[in-house]
Amino acid sequence: MLSALRGALGFLSRLPVGGGEDAWAAFAASPAAFPLAGYVVGGLVALPFLATGAVPGPVVAAAYLVAVVAVTGVNHADGLADLGDAAAVHGTPAERREVMRDTTVGVGAVLALSTGLVALAFGALAATTLPVAVAVAAVLASEVSAKLAMAVLACLGSPSHEGFGATLIEGARPSDLLAPVAVALPIAIAVPVTAVALAAAVAVALGVSRWAERRLGGVGGDVFGATNELARVAAIHGAVAAWHLLAWGGPVWTRW
């Protein structure tokens, strides 16, 4: 599992963990390495939230966005951009996949990236309204949830073509999803509102997978990257919303 974690961090982050072919092979065969790597990445990008309450919320949120880019790089954001361009195309799955391989940035890519960044920034800003420990847990859970979403694709998706996505999918079975779920559950047990983050991320994974099956003919590497970005946003908003609903005395309709 240590080798699989090293392979996962080598792909999911910019951390200098070494790796190599053996680590990659171990990672491809171990979906549980996805959320396990999420704990490492999440712990790092959550560090700015230790200053929650001591400095203005926008400063914390900005530092978080910088940390996300510094730790994870731009590979997954590139997947979101490519998916945005594919969504803007009216054509066959093959034509959409061809657009995703094009290096030209289209309107769909710009809209997808800008919307994702703004939504993540608002989620981070909202997280600064939480108690420090809960804010850190929410951000940590958003990364674990995003990686769990990728594990869902690996275990339940079907490949659209040969490549990175096919390598991960062909090495996993639906029953293998139990392990990554078990790895992700401790954060939900420690801070129950983060269970909403996990559920939101899984919902995103299932929705994107369904869309990709219909529009792209299956799941590829760009779909993995886009799912990571979208699931992170859904997870952090889900955790923040759950905390406020509980802190305010229950569901909103009980206060009408």
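Following the numbering used here, the numbering of the sequence shown begins with 18 at its first residue and continues without gaps. Where a beta carbon is used, it is the ideal one built from N, C-alpha and C, also for glycine. Keep in mind the model is a prediction, meaning the values are calculated, not measured.
Span of the alpha helix (DSSP H), counted from its first residue to its last, around residue i
{"i": "Ser30", "result": "Premise fails: Ser30 is in no alpha helix (DSSP H) and is neither H nor E."}
{"i": "Ala163", "result": "Val149 to Leu173"}
{"i": "Pro191", "result": "Run containing Pro191: none; DSSP gives neither H nor E here."}
{"i": "Thr132", "result": "Val124 to Ala144"}
{"i": "Met18", "result": "Premise fails: Met18 is in no alpha helix (DSSP H) and is neither H nor E."}
{"i": "Val200", "result": "Leu195 to Ala207"}
{"i": "Pro176", "result": "It is not in any alpha helix (DSSP H) - Pro176 carries neither H nor E in the DSSP assignment."}
Cα-Cα separation, residue i to residue j
{"i": "Phe66", "j": "Val85", "result": "13 Å"}
{"i": "Gly255", "j": "Val62", "result": "18 Å"}
{"i": "Trp260", "j": "Ala87", "result": "28 Å"}
{"i": "Val58", "j": "Gly224", "result": "24 Å"}
{"i": "Asp102", "j": "Gly123", "result": "6 Å"}
{"i": "Thr69", "j": "Ala152", "result": "8 Å"}
{"i": "His178", "j": "Ala252", "result": "29 Å"}
{"i": "Pro176", "j": "Gly96", "result": "15 Å"}
{"i": "Leu100", "j": "Tyr56", "result": "26 Å"}
{"i": "Gly74", "j": "Leu263", "result": "22 Å"}
{"i": "Gly266", "j": "Ala217", "result": "In this predicted model, Gly266 has a pLDDT of only 46, less than 50, meaning its place in the structure is not dependable; the value taken from the coordinates is given anyway. Approximately 22 Å, taken between the alpha carbons."}
Nearest-angstrom Cβ-Cβ length linking residue i and residue j, presumed shorter than 8 Å
{"i": "Pro52", "j": "Pro197", "result": "5 Å"}
{"i": "Leu173", "j": "Leu194", "result": "7 Å"}
Min CB distance residue i to chain B below 7 Å
{"i": "Arg227", "result": "Considering every chain present, this structure includes no chain B. It has just one protein chain."}
Curious, which full-length alpha helix (DSSP H) runs of at least 4 residues does the region 36-104 contain?
Note on the region 36-104: whole alpha helix (DSSP H) runs with a minimum of 4 residues are 38-45, 50-62, 74-89 and 92-104, in chain order.
Unbroken alpha helix (DSSP H) runs of length 4 or more, entirely within the region 210-243: which are they?
211-232
Touch check for the region 135-149 and the region 180-200: three-plus C-beta pairs under 8 Å?
Result no; under three Cβ-Cβ pairs closer than 8 Å.
Segment contact flag, the region 121-135 with the region 198-215, C-beta cutoff 8 Å, min 3 pairs:
No, because fewer than three Cβ pairs between the region 121-135 and the region 198-215 fall closer than 8 Å, the two stretches do not touch.
The region 158-168 in contact with the region 232-250 per 3-pair CB rule at 8 Å
Flag = yes, the region 158-168 and the region 232-250 touch.
Closer than 8 Å is the cut-off here; do at least three beta carbon pairs connect the region 42-52 with the region 108-115?
no
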